[in-house]
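A short write-up of the structure that comes next.
Protein chains: 2
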Amino acid sequence: MEDVIRSLGFLCLGSRLKRIGEQLQADTQRVLDRLEVPVQSSQYPLLAALDRLGPLPVGELAQALGFAQPGITRSVALLAELGLVEVSQSNNDQRRRIVSLTRTGRRLVDVAKRDVWPRIEKAVADLCADLSGPLLDQLAAIEDGLAAAGIDRRVRNAVDCVQ
Amino acid sequence: MEDVIRSLGFLCLGSRLKRIGEQLQADTQRVLDRLEVPVQSSQYPLLAALDRLGPLPVGELAQALGFAQPGITRSVALLAELGLVEVSQSNNDQRRRIVSLTRTGRRLVDVAKRDVWPRIEKAVADLCADLSGPLLDQLAAIEDGLAAAGIDRRVRNAVDCVQ
DNA sequence: TGCTGTTATATATCATGTTATCGTTTAACC
DNA sequence: GGTTAAACGATAACATGATATATAACAGCA
Numbered sequence: 001m002e003d004v005i006r007s008l009g010f011l012c013l014g015s016r017l018k019r020i021g022e023q024l025q026a027d028t029q030r031v032l033d034r035l036e037v038p039v040q041s042s043q044y045p046l047l048a049a050l051d052r053l054g055p056l057p058v059g060e061l062a063q064a065l066g067f068a069q070p071g072i073t074r075s076v077a078l079l080a081e082l083g084l085v086e087v088s089q090s091n092n093d094q095r096r097r098i099v100s101l102t103r104t105g106r107r108l109v110d111v112a113k114r115d116v117w118p119r120i121e122k123a124v125a126d127l128c129a130d131l132s133g134p135l136l137d138q139l140a141a142i143e144d145g146l147a148a149a150g151i152d153r154r155v156r157n158a159v160d161c162v163q
Numbered sequence: 001m002e003d004v005i006r007s008l009g010f011l012c013l014g015s016r017l018k019r020i021g022e023q024l025q026a027d028t029q030r031v032l033d034r035l036e037v038p039v040q041s042s043q044y045p046l047l048a049a050l051d052r053l054g055p056l057p058v059g060e061l062a063q064a065l066g067f068a069q070p071g072i073t074r075s076v077a078l079l080a081e082l083g084l085v086e087v088s089q090s091n092n093d094q095r096r097r098i099v100s101l102t103r104t105g106r107r108l109v110d111v112a113k114r115d116v117w118p119r120i121e122k123a124v125a126d127l128c129a130d131l132s133g134p135l136l137d138q139l140a141a142i143e144d145g146l147a148a149a150g151i152d153r154r155v156r157n158a159v160d161c162v163q
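Chain order of the listed sequences is A and B. First residue of the first sequence: 1, per full-length UniProt numbering; consecutive thereafter. First residue of the second sequence: 1, per full-length UniProt numbering; consecutive thereafter.
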């Protein structure tokens, strides 16, 4: 059956990018599920931002991640519920709420940086390794590659290899 | 301020693709809003699929578009409410519900194909025209291009040019 | 000092994708 | 032919993005 989104080319590029992005997130989620980490894959960018940049107020976190502020507020509330981040009032400006990693969050990030993120990054990099040429061709190659073996399977294969 | 998603490269490729896709859809939506077309940009792929492939049951529509079936069921209900598609029972299989364009839907698609889609496609194609090289570089160029002038502005410029 | 406008965050609501599951219809097989 | 399995689509519940707007705190100036 014809893949209409693919056939339509540039006209539906937005839908297509979202579709690929969602598959990547879902695959990554399966990797995390197997490792029994209690965080959704979509929350990791926020943790990584705090790791890289240190404690930040909500607005700057939104800016650093390129998402709208209400989404960040929600993510922060969720991660605070899990005990991974905490929020403190700014001293000199009562409006600002500074988000920082808790001790638990710090530990999770350190473990992830050491054991998990490199594997995922490598699997995605492999998927995109030999790509060249026009964008639409590269996207098609990624879709085909994911259909052949998702990120979770690529990570698992690499892990199995080590063991 | 550092763009963390961009800095993380392949690790956050999923989030990044979704982010770009959403901006493209939002820009396209603004073009449609100006033209006072009563359909969300994300519904056009479904209409285009019916246009290309003819009447289809829900499941095959989902397959052709590469989305999960419940999303298609919802979109079809929405477009039926707007009078753009209609649903009829299959003769030989009472489970299948065949979706087809109504006369109004047909007219909308014909107008869009003639007047709207080519402009959007051209604006997106221009945005991606000179790209080459590794995927992440191309994505960065697209993000920069969209920040400089979104799809809606590129379409408007082209239209203004004609007038 | 008190009014006014701006900024930072929270909340409400919507859009659009997902998985899991249910009821109905069909098909397969003894 | 009747039981069992599979297929189709609807529904429920959730995830994660958006926009619009309300609330509270700050800043500037008469």
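Using N, Cα and C, we set each Cβ at its ideal position, and we do this for glycine too.
Does any CB atom of chain A fall closer than 9 Å to the CB of Val-162 of chain B?
Here residue 162 of chain B is taken as the residue at index 162 of the second sequence, counted from 1. Residue confidence for Val-162 of chain B is low, a pLDDT of 48 falling below 50, so the modelled location carries little weight and cannot support an answer.
Any non-hydrogen atom of the ligand SAM within 8 Å of Val-58 of chain B CB
No copy of the ligand SAM appears in this structure; indeed no ligand is present at all.
Alpha carbon to alpha carbon, how far is Leu-35 of chain B from Gln-43 of chain B? Give it in angstroms, no decimals.
Along the second sequence, one-based indexing puts residue 43 of chain B at 43. Along the second sequence, one-based indexing puts residue 35 of chain B at 35. Straight-line spacing of the CA atoms in Gln-43 of chain B and Leu-35 of chain B works out to 16 Å.
Taking the alpha carbon of Lys-113 of chain A as the point to measure from, which residue in A:Arg-52, A:Val-4, A:Arg-30 and A:Gly-14 has its own alpha carbon closest?
In the first sequence, counting from the first residue as 1, residue 113 of chain A sits at position 113. Scanning A:Arg-52, A:Val-4, A:Arg-30 and A:Gly-14 for the CA closest to the CA of Lys-113 of chain A turns up A:Arg-52.
Measuring straight from C-alpha to C-alpha, what distance separates Asp-110 of chain B and Glu-143 of chain B?
Position 110 of the second sequence, counting from 1, holds the residue named residue 110 of chain B. Position 143 of the second sequence, counting from 1, holds the residue named residue 143 of chain B. For Asp-110 of chain B and Glu-143 of chain B, the distance between alpha carbons rounds to 31 Å.
Select from B:Asn-157, B:Gly-150 and B:Cys-128 the residue whose C-alpha is nearest the C-alpha of Ala-26 of chain B.
To locate residue 26 of chain B, count along the second sequence from 1; it is residue 26. Just measuring C-alpha positions, the residue of B:Asn-157, B:Gly-150 and B:Cys-128 sitting nearest Ala-26 of chain B is B:Gly-150.
Cβ distance (whole Å) where Val-4 of chain A is taken to contact Ala-48 of chain B below 8 Å
Along the first sequence, one-based indexing puts residue 4 of chain A at 4. Along the second sequence, one-based indexing puts residue 48 of chain B at 48. Between Val-4 of chain A and Ala-48 of chain B a beta carbon distance of about 6 Å is seen, short of the 8 Å cut, so the two are scored as contacting.
Assuming Leu-79 of chain A and Leu-46 of chain A are in contact, meaning their beta carbons sit under 8 Å apart, how far apart are those beta carbons, in whole angstroms?
Taking the first residue of the first sequence as position 1, residue 79 of chain A is located at position 79. Taking the first residue of the first sequence as position 1, residue 46 of chain A is located at position 46. Right, the Cβ-Cβ distance comes to about 7 Å (below 8 Å), so this counts as a contact.
Name the chain A residues that come within less than 8 Å of Arg-52 of chain B, Cβ to Cβ?
The count along the second sequence starts at 1 and reaches residue 52 of chain B at position 52. Within 8 Å Cβ-Cβ: Glu-2, Val-4 and Ser-7.
So, is the C-beta of Glu-86 of chain A closer than 9 Å to a C-beta in chain B?
Here residue 86 of chain A is taken as the residue at index 86 of the first sequence, counted from 1. For Glu-86 of chain A, the nearest beta carbon of chain B is not closer than 9 Å to its own beta carbon.
Contact list for Ala-43 of chain B against chain A, beta-carbon separation under 9 Å:
Position 43 of the second sequence holds residue 43 of chain B. First, the amino acid is wrong: residue 43 of chain B is Gln here, not Ala. Result: empty, since nearest Cβ-Cβ is about 10 Å, beyond 9 Å.
In the DSSP output, which residue or residues are listed as bridge partners for Ser-100 of chain B?
Counting from 1 along the second sequence, the entry for residue 100 of chain B is found at position 100. Note: Ser-100 of chain B sits in a beta bridge opposite B:Glu-86.
Which parts of the UniProt domain "HTH marR-type" (10-144) of chain B are runs of the alpha helix (DSSP H), unbroken and 4 residues or longer, counting only runs that do not cross its ends?
List check, alpha helix (DSSP H) in window: 13-34, 44-53, 58-65, 69-81, 103-111 and 117-127.
Rounded straight-line distance, which links the Cα of Ala-62 of chain B to that of residue 194 of chain B:
This structure cannot settle anything about residue 194 of chain B, because the visible part of chain B is limited to 1 through 163.
So, with DSSP's three-state summary, where would you put Ala-149 of chain A?
Here residue 149 of chain A refers to the residue found at position 149 when the first sequence is read from its first residue. Three-state result, Ala-149 of chain A: coil.
If you measure from the beta carbon of Pro-38 of chain A to each beta carbon in chain B, is any gap under 9 Å?
On the first sequence, position 38 is the one that residue 38 of chain A refers to. Answer no: the Cβ-Cβ gap between Pro-38 of chain A and chain B never drops below 9 Å.
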